[in-house]
Each structure stands twice: as C-alpha cells, then as structure tokens.
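Just below is one structure, and these are the notes that go with it.
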Amino acid sequence: MLESVQGVSCDLFNGLWYPTSIRIGPVLDNSLQCAPDARFSPQLFDLRRLRTLSFYSCFPASNPTAIPAASWERLSGSLETLEFRTNPGLTGAIPASLGRLASLQSLVLVENNLTGPVPAELGALLKLRRLVLSGNGLSGPIPAALGGLRGLLKMDLSNNQLDGSIPPELGGLRNLTLLDLRNNSLTGGLPQFVQGMESLQDLLLSNNPLGGSLPPSGWEKLGDLAMLDLSNVGLTGAIPESMAALAGLRFLALDHNRLTGPVPARLAQLPNIGALYLNGNNLTGALEFAPGFYQRMGRRFASWDNPGLCYDVAAVDAAHAPAGVVVCKDLQEPSVPRDGEDGGGRKPEASSSLVASSSAGFSAARVGGFWSVVSVQGTVAAFLGLVLL
C-alpha cells in the first residue's frame with residue numbers, strides 16, 4: 110500500500126496504482142483538505158477500486174451541498190466504508206441510491222444537516238455492520254426494512270426527529286450490540302422484542318415519549334447488556350425486581366419518568382453496577398440497600414426528587430446517606446437538599462474512576478410539549494467502554 114499524501118492510500122493492481130482509500134478533512138496538519146467551495150466531481154465514481162471514502166468538516170454552512178443522488182452503483186463492487194462527519198453544509202435527503210452499494214460495511218452520516226426520511230433502500234445493504242445517522246434532522250418513522258440487516262452490529266439513529274413506534278422488524282437484528290435511538294420523538298412503548306436481542310450491550314432510548322411500562326420478566330436473557338438508558342421516556346408502573354438479573358449491567362438510568370412503588374433492594378446486588386439513576390420519579394417506601402452500597406456508589410446513585418422515598422438512618426452512615434432523600438421518620442416533612450447538593454434533578458458529578466469525562470449533568474428543555482432531559486454525551490460514552498463511531 111502506498112500513502113504519499115496523508116489521507117490517500119493506493120494499492121497495486123496489475124502493475125498500476127489505484128486509490129483505495131480517500132479521507133478528506135482537517136484531521137492532521139498535513140491531511141488532505143477540502144476547497145472552500147468544494148463540490149462532488151463526477152470523476153469520483155470512476156475510482157472502481159475505492160474501498161474507503163470519508164469527508165470530515167468539508168462542507169461548511171456557507172457552502173450548502175447535497176450528497177449526489179446518482180452514480181453510487183458504480184462503486185458497488187468495492188466501496189466498504191462511506192463517511193460524512195461534521196459537515197453543517199451537507200443538506201438535503203439521504204439518497205436512496207446508497208442502497209445500491211452492495212459491498213458497504215460501514216455507513217456513517219453523523220452531525221451533518223441532512224433532512225427527510227431514512228431511506229428504506231438502506232435495508233438492501235446486506236453486508237452492513239455499522240449504521241450511524243445521528244445528529245441530523247431526519248424525520249418520519251424508522252423503516253421496517255432495516256430489520257433485514259441481519260449482520261448489523263451497531264445502529265445509531267440518535268439526535269434526529271424520528272417519530273412513530275420502533276418497528277418490531279428490528280427484533281431480527283440478533284447480532285446487534287448497540288441500539289441508540291436517543292433524542293427523537295419515538296412512541297409506542299419499550300418494544301417487547303428487545304428482550305430477545307441477546308447480543309445487546311448498549312440500549313439507549315432516552316428522551317423519547319415512548320410511554321408504557323417496564324416488562325415484568327425476561328431481563329435475564331440480556332446477559333451482555335452493560336448500559337441501559339431509559340431516562341425521560343414516560344415510563345409508568347413499578348421497577349420489576351427481575352431487572353436484578355441483568356448481571357452485566359454497569360449503567361442503569363430510569364430517571365425522570367413516572368415510576369411508582371418501592372425500589373427493589375436486589376438492584377444493589379447487580380455485580381457490575383457503577384451508576385444507578387432513579388431520580389425524578391414517584392417511587393415510595395424505604396430504600397433497603399446495604400450501607401456499603403451508598404459508600405461505594407457515592408453520587409453515582411441518584412434517588413432524589415421522589416417525594417415518598419426515604420432511608421433508615423440507623424442503617425446508613427450519615428456521611429454516605431443518599432443525597433436528597435429524607436430519613437423515614439421525617440418523611441412528612443419537606444425535603445431540603447443539604448449544602449452542596451443540587452436537589453433539582455441533575456445527575457451528580459461522576460467519579461473519575463469510572464468516567465473520563467468532565468461531568469454527568471443534564472439540562473432540561475421543553476420540546477413540543479414533552480420534557481426532554483438531554484444527557485451529557487461524555488458520561489454515556491465513558492460507560493460504553495468503546496468508540497461508537
């Protein structure tokens with residue numbers, strides 16, 4: 110492989126050098142740069158050996174450009190990776206013709222200004238392993254055809270304007286390890302098929318008006334699940350004790366819902382739990398976690414803003430008492446946050462031993478009559494333990 114220009118790689122075929130990888134954008138000082146008025150050249154589709162094509166920060170808002178709608182089939186025999194990252198000037202719809210890239214394994218269209226629906230034609234990309242369309246202005250329902258991507262490992266459609274219910278056809282994605290649908294307008298409750306997706310490691314659905322309740326059983330099937338984010342999705346009912354069967358769980362966020370009833374004591378027995386957010390619900394009764402749980406978790410356990418919740422002062426060291434929760438004998442008295450506590454519905458600052466990011470707060474914003482609690486992305490990414498994109 111020849112790489113004389115940073116971002117461009119060539120391979121030798123039959124005595125001739127052909128470009129196989131083109132990565133354009135300000136990644137390094139000597140990276141191949143885009144012109145201020147960059148446009149797509151028709152000659153791009155003559156590169157029949159091209160396996161990777163990536164554009165990073167190439168199209169500013171001052172240079173609005175659409176992804177070409179035609180000619181992608183000319184790269185169908187070679188192109189494996191197609192990426193458009195952080196291009197605020199990349200506008201218009203995702204071309205349906207991208208569904209003709211038969212060799213494509215990774216499609217990343219993140220933080221652009223793309224609008225319109227997710228093309229159902231993308232369901233024809235049978236070799237696809239990674240589909241990331243986050244941070245655009247995509248709208249409409251999630252196409253049921255995406256359920257045909259049986260080899261898909263990661264699906265990230267977060268931070269768009271998608272609506273409707275999560276199609277049951279996605280239950281066929283049995284190899285999926287990441288499903289990220291945060292910050293959309295999805296409805297229809299938590300889909301039942303999720304508990305059959307035994308390869309899932311990260312399920313992120315926060316900030317959608319899903320509604321519904323948590324399934325009372327079946328959680329033991331998700332043995333690999335490490336991160337479950339169901340913040341601000343309109344959940345009602347109780348927290349099922351069967352969630353304690355999620356043996357691999359490291360991060361559980363059920364905050365800012367309408368959950369009721371007691372907090373299952375068995376949640377503290379999750380062997381790998383590193384953060385548990387239950388604040389902003391209507392949970393009641395006494396917390397029955399062992400004193401060592403509060404000491405170990407610190408402010409990574411959040412249960413404030415549950416007016417009917419309390420703790421037994423005799424069972425908890427005062428230095429590690431749960432923040433914003435009253436002593437059971439004082440339950441009828443107004444709950445006043447201690448000095449230094451937020452008490453207003455913010456996730457506390459995370460421990461540096463678990464989170465490499467700065468803070469674990471989130472802000473509230475009202476969108477279309479639905480309260481949206483937008484999590485700081487660094488907190489979530491740190492608990493994923495991998496680079497998503």
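Heads up: the sequence shown begins at 110 in this note's numbering, then just goes up one per residue. Even glycine gets a Cβ: it sits at the ideal position worked out from N, Cα and C.
Taking all protein chains shown into account, decide if P145 is buried (16 or more other Cβ within 10 angstroms of its Cβ) or exposed.
Burial call: exposed.
Would you be able to state if there are at least three C-beta pairs under 8 Å between the segment 195 to 208 and the segment 219 to 231?
Contact holds: three or more Cβ-Cβ distances are below 8 Å.
For G124, count neighbouring Cβ atoms within 10 angstroms of its own Cβ and tell me buried if that reaches 16, exposed if not.
It counts as exposed.
Give me the residue from G383, W328, S340, I251 with the minimum Cα distance to L309.
For the residues G383, W328, S340, I251, the minimum Cα distance to L309 belongs to W328.
How long is the line joining the alpha carbons of V136 and Y165, rounded to whole angstroms?
About 8 Å.
Could you say which of S243, G273, L282, F410 lies nearest to L236 if we only look at CA atoms?
Looking at the sequence provided, one finds Lys at residue 236 rather than Leu. That would be L282, whose Cα lies nearest to the Cα of K236.
Contact test: L323 Cβ vs the ligand ATP heavy atom, cutoff 7 Å
Ligands are entirely absent from the displayed structure, and the ligand ATP is therefore not among its contents.
On the DSSP letters alone, give me the boundaries of the beta strand (DSSP E) that P197 sits inside.
For P197, the uninterrupted beta strand (DSSP E) run begins and ends at 190 to 201, by DSSP.
Three-state secondary structure (DSSP) at E307?
Here E307 sits in coil by DSSP.
Does D155 pass the burial test, meaning 16 or more other C-beta atoms within 10 Å, or should it be called exposed?
By the neighbour-count rule (16 or more Cβ atoms within 10 Å), D155 is not buried but exposed.
Hey, which unbroken runs of the beta strand (DSSP E) at 3 residues or more fall wholly within the segment 275 to 358?
You should have 287 to 289, 294 to 296, 311 to 313, 336 to 338.
Using a 10 Å radius around the Cβ and a threshold of 16 neighbouring Cβ atoms, would you call S163 buried or exposed?
S163 should be labelled buried.
Exposure of N415, with buried meaning 16 or more beta-carbon neighbours within 10 Å:
Buried, because 16 or more other Cβ atoms sit within 10 Å of the Cβ of N415.
Please name the residue or residues paired with F122 in a DSSP beta bridge.
L125, per the DSSP bridge assignment.
Can the beta-carbon of T296 be found closer than 8 Å to that of P318?
Contact flag set, yes.
If you run the structure through DSSP and keep just helix, strand and coil, what is F398?
Under the three-state reduction of DSSP, F398 is assigned to coil, being neither helix nor strand.
Straight-line Cα distance separating I382 from A465:
Low local confidence applies: a pLDDT of 30 at A465 is under 50, so the model's placement there is unreliable, and no value is given.
Taking the C-alpha atoms as reference points, what is the distance between A374 and S248?
Each residue's alpha carbon lies about 41 Å from the other.
In this structure, how does DSSP classify L207 when only helix, strand and coil are distinguished?
It is helical.
Per DSSP, what kind of secondary structure is F149 in: helix, strand or coil?
Of the three classes helix, strand and coil, the one that applies to F149 here is coil, per DSSP.
Tell me which residue opens and which closes the beta strand (DSSP E) that L223 is part of.
L223 -> beta strand (DSSP E) spans 215 to 225.
For L425, three-class secondary structure by DSSP
Strictly speaking, residue 425 in this sequence is Val, with Leu absent from that position. In the structure shown, V425 sits in coil (DSSP, three-state: anything other than H, G, I, E or B).
Own chain partners of S460 with C-beta closer than 7 Å, once the 5 adjacent residues on each side are dropped
Per-residue confidence for S460 stands at a pLDDT of 32, beneath the threshold of 50, marking its modelled position as unreliable; no derived number is given.
Got a sec? Which residues, its chain only, sit under 6 Å from G534 by beta carbon, not counting five neighbours each side?
Past the edges of the chain, shown from 110 to 498, lies residue 534, and the structure says nothing about it.
Kindly identify the DSSP beta-bridge partner or partners of R132.
In the DSSP assignment, the residues bridged to R132 are S163.
Do L261 and L242 come within 8 Å of each other at the CB atom, strictly closer than that value?
Cβ distance not < 8 Å, so L242 and L261 don't count as in contact.
Nonlocal neighbours in the same chain, by C-beta distance under 6 Å from E307, ignoring five residues either side:
Hits under 6 Å: K330.
Give every residue of the same chain whose Cβ lies closer than 6 Å to the Cβ of N292, excluding the five residues on either side of it in the sequence, and list them in chain order.
Taken in chain order, the residues that qualify are S267, N268, N316.
D265: buried (16+ other C-beta within 10 angstroms of its C-beta) or exposed?
Result: buried.
With a threshold of 7 Å on Cβ separation, who are the neighbours of N421 within its own chain once the five nearest residues in sequence on each side are excluded?
This sequence places Asp at residue 421; Asn is not what is there. Here the set comprises A395, C437.
Just to confirm before moving on: does the CB-CB distance between L358 and L379 stay below 8 Å?
Cβ distance < 8 Å, so L358 and L379 count as in contact.
Spatial neighbours of T369 within its chain, please: C-beta separation below 8 Å, excluding the five flanking residues on both sides.
So the qualifying residues of the chain are T345, G346, A347, N390, N391, L392, T393.
What residues in its chain sit with their C-beta under 8 Å from that of S158, if we drop five residues either side in the sequence?
According to the sequence shown, residue 158 is Arg rather than Ser. Closer than 8 Å at the Cβ level, and outside the excluded window around R158, lie D120, F122, Y127, P128, T129, S187.
Tell me the DSSP secondary structure of K263 in three-state form.
In the structure shown, K263 sits in a strand (DSSP, three-state: E or B).
Take G320 and list the residues in its own chain whose beta-carbon comes closer than 8 Å to its own, dropping the five residues that flank it on each side.
Answer for G320: T296, G297, G298, V342, G343, L344, T345, listed in chain order.
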